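*Asks:*
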Amino acid sequence: MAFTNQRTLSKAASLEGTSLHTGEQVVVTLKPAPVDYGIKFKRVDLPDEPTIDAKIEFVKQVERATTLGEGNVKVHTVEHILSALHGMGVDNAVVELNGNEPPICDGSAAPFVELINRCGIEEQSALRKVFEIREPLHVETKSGSLMTLVPSSGFRVSCTQVGPDGRFTQYFSTEITPEIYEKEIAPARTFVFYEDVQPLMDKGLIRGGSLENAVVIRGDSIMSKEP
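Laid out in structure tokens, this is it:
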């Protein structure tokens with residue numbers, strides 16, 4: 110991104126909906142934050158309203174959702190709202206939750222982009238702190254996922270998705286700017302293969318899942334309709 114200074118929200122705004130895995134009604138409120146604050150989740154439903162930094166060292170689980178935790182306090186399924194904040198160029202913000210998971214909405218990051226736009230974004234006085242990739246880096250997981258980072262003058266993401274038996278293989282590559290993120294990436298919705306639904310339910314997950322907030326793929330067809 111071309112921004113040189115840090116950015117935060119201009120005012121607070123809230124969004125209410127059903128959480129994906131717990132199935133509870135929750136309210137998320139985005140609020141401005143000072144320079145160098147970063148992104149922090151605040152559990153306003155708990156005594157003393159504890160906060161959790163959105164940093165890699167606090168990632169506790171990544172199965173079907175990203176969970177952040179510090180001590181006994183956790184927040185689940187934070188990937189869409191963090192994606193929206195980064196994609197729209199917000200460096201500092203408070204994410205208040207009255208539960209342990211944000212609302213899933215339609216299964217995309219678009220509702221959170223709309224929430225950020227309602228807040229407005231303003232530039233701050235301090236420079237942004239960024240990582241510069243100076244040589245290629247390569248990471249591979251046990252499940253076969255690959256990630257390669259190479260030096261670049263900008264921020265570009267190229268992604269290949271391969272489903273079971275090669276089904277629904279997709280490739281997408283783009284520079285990341287707030288305008289491109291809002292139009293091309295934020296509307297992308299959570300998807301699940303039909304054969305994975307019952308095992309997830311058996312684990313006590315997706316209690317708030319429905320055809321309205323996830324794309325369900327069965328065989329070679331898509332069961333869900335566009336919202």
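Residues in the sequence shown are numbered consecutively from 110, following our numbering. Glycine residues also receive a C-beta, built at the ideal position from the N, C-alpha and C atoms. Computed from a predicted structure; not experimentally measured.
Would N201 pass as a contact of A142 if the rule is Cβ separation under 8 Å?
*Replies:* Against a cut-off of 8 Å, the Cβ pair of A142 and N201 comes out as a contact.
*Asks:* H247 by DSSP, collapsed to three states: which one?
*Replies:* H247: strand per DSSP, three-state reduction.
*Asks:* Given 8 Å as the limit, is there contact between the region 259-268 and the region 227-236, that is, 3 or more CB pairs closer than that?
*Replies:* Touching, no, given that fewer than three Cβ pairs across the two stretches are closer than 8 Å.
*Asks:* Please work out which residues of its chain come closer than 6 Å, Cβ to Cβ, to V136, disregarding the five sequence neighbours upstream and downstream, and give them in chain order.
*Replies:* Cβ within range, chain order: S123, E125, N207.
*Asks:* Please specify which runs of the beta strand (DSSP E), each continuous and at least 3 residues long, are wholly inside the region 245-333, giving them in chain order.
*Replies:* DSSP runs (the beta strand (DSSP E)) wholly in the region 245-333: 246-249, 255-258, 265-270, 279-284, 300-302, 324-327.
*Asks:* Is the beta carbon of I161 less than 8 Å from the beta carbon of V184?
*Replies:* In contact: I161 and V184 (Cβ atoms closer than 8 Å).
*Asks:* Taking the continuous alpha helix (DSSP H) assigned at A219, which residues delimit it?
*Replies:* Segment 219-228, the alpha helix (DSSP H) holding A219.
*Asks:* Using DSSP with H/G/I as helix, E/B as strand and the rest coil, what is I190?
*Replies:* Here I190 sits in helix by DSSP.
*Asks:* Does DSSP put F150 in a helix, in a strand, or in coil?
*Replies:* It is a strand residue.
*Asks:* State the DSSP-derived secondary structure class of E166, mapped to helix, strand or coil.
*Replies:* DSSP places E166 in helix when its eight states are reduced to three.
*Asks:* For the candidate residues Q115, S217, V259, whose alpha-carbon lies nearest to that of S128?
*Replies:* Nearest C-alpha to S128: S217.
*Asks:* In angstroms with no decimal places, state the Cα-to-Cα distance between F221 and D329.
*Replies:* C-alpha separation (whole angstroms): 30 Å.
*Asks:* Could you have a look at G196 and say whether DSSP puts it in helix, strand or coil?
*Replies:* Three-state result, G196: helix.
*Asks:* Determine the extent of the beta strand (DSSP E) in which S123 is found, giving its start and end residues.
*Replies:* From DSSP, the beta strand (DSSP E) with S123 extends over 122-127.
*Asks:* Starting from the Cα of T257, find the closest Cα among I242, V144, F150 and give me that residue.
*Replies:* The candidate whose alpha carbon is nearest that of T257 is I242.
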